[in-house]
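Here the structure is laid out as structure tokens; the discussion comes afterwards.
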Amino acid sequence: MDVGNRPRFLLLLALLPIFLGGLYLSSRLTLADHFYRAHPPTRALALAPWNTSYRLRDASPDDLRSIVEHNPAASFRSGPWIALALSEEAAGDAAAAEKHFLHAVTLDATFAPRWALINFYLRQERKADFWKWSADGVRLFEGDLTGVYRLAIAEGGAGQAWIRLQPKRPAALRQFLNLTLTLSDLPPSGAAAALAGHGRDSDRAQLLSYCERALKVGQVDAAVLVWNAMASRGLHPLGRLDPIRGPILSNGAFRHRPSGAGFDWRLPAASAGSIHLSARGLAIELSGRQEDRVVLLRQILPVCSAVRYRLSAKVIPGNGAVLEGLYWRIGPQASPRLSKSQAPWEFVPLPPGQATVLELVAERESGRPRPEGSLAIEQVDIRPLQ
Numbered sequence: 103m104d105v106g107n108r109p110r111f112l113l114l115l116a117l118l119p120i121f122l123g124g125l126y127l128s129s130r131l132t133l134a135d136h137f138y139r140a141h142p143p144t145r146a147l148a149l150a151p152w153n154t155s156y157r158l159r160d161a162s163p164d165d166l167r168s169i170v171e172h173n174p175a176a177s178f179r180s181g182p183w184i185a186l187a188l189s190e191e192a193a194g195d196a197a198a199a200e201k202h203f204l205h206a207v208t209l210d211a212t213f214a215p216r217w218a219l220i221n222f223y224l225r226q227e228r229k230a231d232f233w234k235w236s237a238d239g240v241r242l243f244e245g246d247l248t249g250v251y252r253l254a255i256a257e258g259g260a261g262q263a264w265i266r267l268q269p270k271r272p273a274a275l276r277q278f279l280n281l282t283l284t285l286s287d288l289p290p291s292g293a294a295a296a297l298a299g300h301g302r303d304s305d306r307a308q309l310l311s312y313c314e315r316a317l318k319v320g321q322v323d324a325a326v327l328v329w330n331a332m333a334s335r336g337l338h339p340l341g342r343l344d345p346i347r348g349p350i351l352s353n354g355a356f357r358h359r360p361s362g363a364g365f366d367w368r369l370p371a372a373s374a375g376s377i378h379l380s381a382r383g384l385a386i387e388l389s390g391r392q393e394d395r396v397v398l399l400r401q402i403l404p405v406c407s408a409v410r411y412r413l414s415a416k417v418i419p420g421n422g423a424v425l426e427g428l429y430w431r432i433g434p435q436a437s438p439r440l441s442k443s444q445a446p447w448e449f450v451p452l453p454p455g456q457a458t459v460l461e462l463v464a465e466r467e468s469g470r471p472r473p474e475g476s477l478a479i480e481q482v483d484i485r486p487l488q
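Heads up, the sequence shown is in our numbering, so the first residue is 103 and it goes up one at a time.
Structure follows, in structure tokens:
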């Protein structure tokens with residue numbers, strides 16, 4: 103052997119037992135874990151007798167009590183105490199189980215012991231303690247809270263869960279709103295508004311989904327609350343709405359392409375022709391082959407039933423356009439035909455429980471051709487009459 107390589111060889115020779123020992127220990131622990139998962143813990147304990155977690159499985163209350171009393175390492179971990187508490191509960195000693203669950207919470211700042219305690223109080227039908235510790239978990243834990251929310255909603259419904267748990271952090275609010283959108287007809291408006299107040303661009307779709315759901319079930323006030331919170335946060339560019347003082351109409355100057363969501367314009371009659379933004383507002387090109395009556399534009403209005411409103415609009419027909427059958431409509435109320443008058447039009451909201459929806463209608467007049475040609479809507483404005 104070359105004399106210069108001899109020190110390196112001796113070093114490798116000295117490290118070989120350490121390497122082999124590490125390989126043996128790693129293989130032994132891997133095999134022990136396999137036996138623990140696939141068989142009773144006896145074989146796993148034979149390979150790794152120091153691992154108290156193996157001893158916890160299938161252990162009796164006396165065995166578990168012995169572990170936490172005589173094993174210092176185990177007594178300062180929450181896992182053995184949770185296992186002991188579950189064993190005591192199964193044996194019918196709820197008082198001892200609660201004591202051990204609470205002790206586990208003092209040892210561990212993570213969510214696991216709190217989750218075990220929450221489930222214990224739910225099984226014991228101790229509702230006040232269930233809500234107390236559920237709220238504590240929501241306040242402290244920054245991970246996945248779906249399990250807590252599901253239990254809370256199953257116990258008291260989405261509204262009660264929101265009132266009792268009161269999640270504050272944006273991540274916790276997102277999880278709550280996402281779950282309640284999936285489980286309930288309409289999540290609590292306070293949850294959606296709270297998220298909107300802390301929201302970011304990635305929350306826009308979820309919050310608009312809430313507004314759509316609220317409008318679908320007739321909860322216009324809830325939709326306004328969230329819509330305005332989004333506007334204040336800059337999550338949409340259309341501004342706040344006020345049913346009493348105004349404005350109550352969004353995107354009246356058509357500075358933004360209608361999104362079809364929330365309180366923005368909807369374009370239900372794309373087949374009637376071409377509808378697009380232009381330098382003059384919203385440009386509509388009617389083919390003349392549309393149905394005898396089509397709705398070109400639609401917007402849900404947040405109104406106050408005790409207030410009368412006035413609509414004013416500037417609609418400019420193109421050269422040669424046949425627009426005799428165009429008018430604004432809200433329920434059974436219709437404005438004069440725009441070809442005859444574009445004077446301001448007054449209307450009253452529909453009765454409570456019915457959505458007040460503004461529509462621009464193109465209708466074929468008796469004995470006349472269908473509306474055809476181009477028009478531009480430069481401005482639509484609605485103001486309350488004081």
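Backbone N, C-alpha and C fix where the C-beta goes; we use that ideal spot for every residue, glycine too. All of these numbers come straight from a predicted model, not from anything done at the bench.
Would you tell me roughly how many angstroms separate the C-alpha atoms of V405 and A187, rounded to the nearest one?
Rounded to the nearest angstrom, the two C-alpha atoms are 57 Å apart.
On the premise that G475 lies in contact with P438, defined as a C-beta separation below 8 Å, what is that separation, rounded to the nearest angstrom?
The Cβ separation is near 20 Å, so there is no contact.
Out of A273, G261, A237, which one is the CA nearest neighbour of G245?
Considering only alpha carbons, the answer is A273.
For V319, does the three-state DSSP call read helix, strand or coil?
Note: V319 maps to coil in three-state DSSP.
Distance, Cα to Cα, A214 vs E200?
If I take the Cα positions, the gap works out to 15 Å.
Identify whether I346 lies in helix, strand or coil by the three-state DSSP scheme.
Here I346 sits in coil by DSSP.
D483 by DSSP, collapsed to three states: which one?
Residue state, collapsed to three classes: strand.
Tell me where the alpha helix (DSSP H) around E190 begins and ends.
Residues 180–192.
Taking Cβ to Cβ, would you say L440 is nearer than 7 Å to L452?
Cβ distance not < 7 Å, so L440 and L452 don't count as in contact.
Contact between the segment 326–334 and the segment 289–302 is defined here as three or more beta-carbon pairs at a separation below 8 Å; is this criterion met?
With the cut-off at 8 Å, the segment 326–334 and the segment 289–302 touch.
Closer than 7 Å by C-beta to F356: which residues in its own chain qualify, once you throw out the five before and the five after it? Chain order, please.
If we look at F356 and ignore the five residues flanking it on each side, its Cβ neighbours are L379, G383, L384, I479.
Quick one, are the C-beta atoms of I350 and I484 less than 7 Å apart?
Their beta carbons are under 7 Å apart, which means I350 touches I484 by this criterion.
My output table needs one value for E244: the three-state DSSP class, helix, strand or coil.
If DSSP states are grouped into helix, strand and coil, E244 belongs with coil.
Specify, as a first and last residue, the run of the alpha helix (DSSP H) that P215 falls within.
Its alpha helix (DSSP H) spans residues 214–225.
Tell me Y429's beta-bridge partners as DSSP assigns them.
BP columns for Y429 point to V463.
Which of the three DSSP states, helix, strand or coil, is assigned to V250?
Correct three-state label for V250: helix.
In this structure, how does DSSP classify L283 when only helix, strand and coil are distinguished?
Correct three-state label for L283: helix.
Taking the beta carbon of Y138 as the centre, do at least 16 other beta carbons fall within 10 Å, making it buried, or is it exposed?
With a pLDDT of 44 at Y138, under the threshold of 50, the modelled position of this residue cannot be trusted, and the question is left open.
Within the same chain, show all residues whose beta-carbon is closer than 6 Å to that of G301, passing over the 5 residues directly before and after it, in chain order.
So the qualifying residues of the chain are R335, L337.
Under DSSP, the alpha helix (DSSP H) around A206 begins and ends at which residues?
Start and end: 196–209.
Using the beta-carbon count (16 or more within 10 Å), is N421 buried or exposed?
Exposed.
Could you check if I255 is buried or exposed, using at least 16 other CB atoms within 10 Å of its CB as the buried criterion?
Per the 10 Å Cβ criterion, buried.
For the alpha helix (DSSP H) holding L399, just list the boundary residues, first then last.
Careful: L399 lies outside any alpha helix (DSSP H), inside the beta strand (DSSP E) at 395–403.
Excluding the five sequence neighbours on either side, which residues of its own chain have a C-beta within less than 7 Å of the C-beta of L242, listed in chain order?
Cβ within range, chain order: n/a, list empty.
Considering only the beta carbon of each residue, do S407 and P454 sit closer than 7 Å?
Closer than 7 Å, so yes.
Buried or exposed for G194, please, with buried defined as at least 16 other CB atoms from any protein chain shown within 10 angstroms of its CB.
When all chains shown are included, G194 counts as exposed.
Return the first residue and the last residue of the alpha helix (DSSP H) that S304 is part of.
That residue, S304, is in no alpha helix (DSSP H); it is neither H nor E in DSSP.
Which of the three DSSP states, helix, strand or coil, is assigned to W367?
Looking at W367 - three-state DSSP - the assignment turns out to be coil, as it is neither helix nor strand.
Does DSSP put P453 in a helix, in a strand, or in coil?
Correct three-state label for P453: coil.
Which residue from G354, S361, R266 puts its Cα closest to that of S311?
If we check each option's Cα against that of S311, S361 comes out closest.
Going by beta-carbon coordinates alone, are L487 and R412 separated by less than 7 Å?
Yes, the Cβ-Cβ distance between L487 and R412 is below 7 Å.
For the beta strand (DSSP E) that L413 lies in, which residues bound it at each end?
Note, L413: beta strand (DSSP E), 410–419.
In three-state DSSP terms, what is A260?
Note: A260 maps to helix in three-state DSSP.
In the DSSP output, which residue or residues are listed as bridge partners for W447?
According to DSSP, which records beta bridges pairwise, W447 is partnered with L413.
What whole-angstrom Cβ distance do L477 and V417 have, given they're in contact under 8 Å?
Right, the Cβ-Cβ distance comes to about 6 Å (below 8 Å), so this counts as a contact.
Do you know how far the Cα of P434 is from the Cα of Y270?
It should be pointed out that residue 270 corresponds to Lys in this sequence rather than to Tyr. Taking the straight line joining both Cα atoms gives about 45 Å.
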